Structure formats: structure tokens, C-alpha cells
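Quick note: to get my numbering, add 3 to the position in the sequence shown (first position is 1). Glycine included, every Cβ here is placed at the ideal spot set by N, Cα and C. Just so we're clear, the structure is a prediction, and the values are computed from it rather than from any experiment.
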Amino acid sequence: MQVLQLDGINQPLVIQEVPTPTPAAGEVLVELRAAAFNHRDVWIQKGQYGGLKFPCILGSDGAGVVSAVGEGGDESLLGQAVVINPGHNWGDNPRAQAKNFKILGLPDQGTFAEYISVPAHYVRAMPAHLSFEQAAALPLGGLTAYRAAFTRAELQAGERVLITGIGGE
């Protein structure tokens with residue numbers, strides 16, 4: 004399969020041919036149809052992120068179609084359009100992640116690829132009203148915004164929020 008690979012700090016992403024992953028027990032193989040670019044990817048490329056290791060396949064968010072399931076997996080997922088939750092092992096505290104929390108795209112390989120294998124419990128059926136591109140743009144940014152508003156700021160029904168800037172640096 005082809006991937007966009009980062010080989011070092013301040014290097015360009017390059018197209019590489021790597022083996023297609025095989026889903027292990029409890030995992031699904033997703034044929035990616037769309038992946039989103041996040042500012043996290045820029046920080047990693049510039050060396051401004053912890054735990055750097057190269058080469059790596061960046062990309063946290065993605066949406067696609069389940070093309071294979073690992074041993075003992077739910078065969079009903081085959082052919083299903085899904086959104087991938089890129090944040091793995093959050094833990095029990097809704098206010099802060101656990102020590103073993105990780106995000107796709109570093110340390111694990113990310114979504115700038117034709118396929119990705121992820122634990123099945125980190126995929127959800129893609130809402131029918133969204134395109135693959137729209138669905139791929141939601142997870143990391145969307146969950147971050149949700150947690151900021153409802154977990155950290157404890158936003159309540161009827162309250163208003165002023166957003167002074169969005170999508171910029």
C-alpha cells in the first residue's frame with residue numbers, strides 16, 4: 004500500500020510503499036477514503052511534539068470502509084463505512100487522559116495511508132448524512148472541542164459560548 008511517510012524533523016512527507024497491515028484478533032482493517040490534517044501533524048514534522056520516532060505515518064483522523072476483520076472479529080462490520088476514533092486508551096477520568104493514552108499518527112502509524120488496522124472498538128458507523136471527508140475531519144478536533152466545552156468548562160444547557168477564532172494558527 005502507499006503511505007505518506009515522514010522520515011525526520013523538517014522533512015517533507017514522501018510517498019512510500021509499505022506492506023498492508025493485517026488485522027490482529029480484535030482489530031479491523033479500514034480502507035481509508037479520507038484523512039484529515041491536524042496542527043498536530045505540523046508540530047510533529049517540526050519536531051515540536053514529544054515521543055518522536057521515525058519513520059512514521061502521520062494522520063490521526065480518518066474515515067473509510069472496513070475491508071477485513073481479525074480473528075474472532077464481528078463479520079457484520081465488513082463493508083461498513085466507519086469513522087475512526089484516533090485517541091486510544093483515554094482511561095477512566097473524563098477530565099484527563101491516562102498515562103498510556105496515545106493518538107494515531109505517533110506513536111502508532113496514522114491515517115495518511117491506504118489502509119490502517121485499529122482495534123474494532125475504536126471505529127463507529129459513519130453517519131449517513133456525512134461524506135467521508137466530513138467524517139474524517141471530526142474526531143480529533145471534535146472530541147477536543149467537546150471535552151473543552153463540556154468536561155473542562157462544564158458548559159450547561161442554555162449557556163452561550165463566544166468563539167473568537169477558528170481554523171487559524
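Close beta carbons around residue i, own chain, < 6 Å, minus the five adjacent residues each side
i, result
"A71", "P26, L32"
"Y52", "W46"
"A156", "none"
"I18", "Q5"
"E34", "G67, V68, S70, Y118"
Nonlocal neighbours in the same chain, by C-beta distance under 8 Å from residue i, ignoring five residues either side
i, result
"E78", "V72"
Nearest-angstrom Cβ-Cβ length linking residue i and residue j, presumed shorter than 8 Å
i, j, result
"F153", "L7", "33 Å between Cβ atoms; not a contact."
"I87", "V121", "6 Å"
"L109", "G54", "7 Å"
"A28", "G75", "6 Å"
"G62", "L107", "7 Å"
Straight-line Cα distance separating residue j from residue i
i, j, result
"A101", "V21", "31 Å"
"N103", "A160", "33 Å"
"T167", "V85", "32 Å"
"L165", "P24", "43 Å"
"R127", "L80", "10 Å"
"K56", "E162", "43 Å"
"Q112", "C59", "6 Å"
"K105", "Y125", "12 Å"
"N41", "A138", "14 Å"
"L158", "Y149", "10 Å"
"L16", "A140", "20 Å"
With 16 other Cβ atoms within 10 Å as the buried cut-off, status of residue i
i, result
"E30", "buried"
"D64", "buried"
"G94", "exposed"
"N96", "exposed"
"F135", "buried"
"A99", "exposed"
"N13", "exposed"
"P89", "buried"
"A38", "buried"
"A131", "exposed"
Cutoff 7 Å: residue i Cβ touching any chain C Cβ
i, result
"F40", "This model lacks chain C altogether; it includes just one protein chain."
Close Cβ partners of residue i (< 7 Å) along its chain, the five nearest in sequence each way excluded
i, result
"R36", "A66, G67, V68, F135"
"P82", "It is worth fixing the name first, because residue 82 is Gly in this sequence and not Pro. Answer for G82: V68, V69, listed in chain order."
Report task. Could I get the ranges of all uninterrupted beta strand (DSSP E) runs contained in the stretch 65-137, with 3 residues as the minimum, in chain order? Result -> 84-87, 118-122, 126-128
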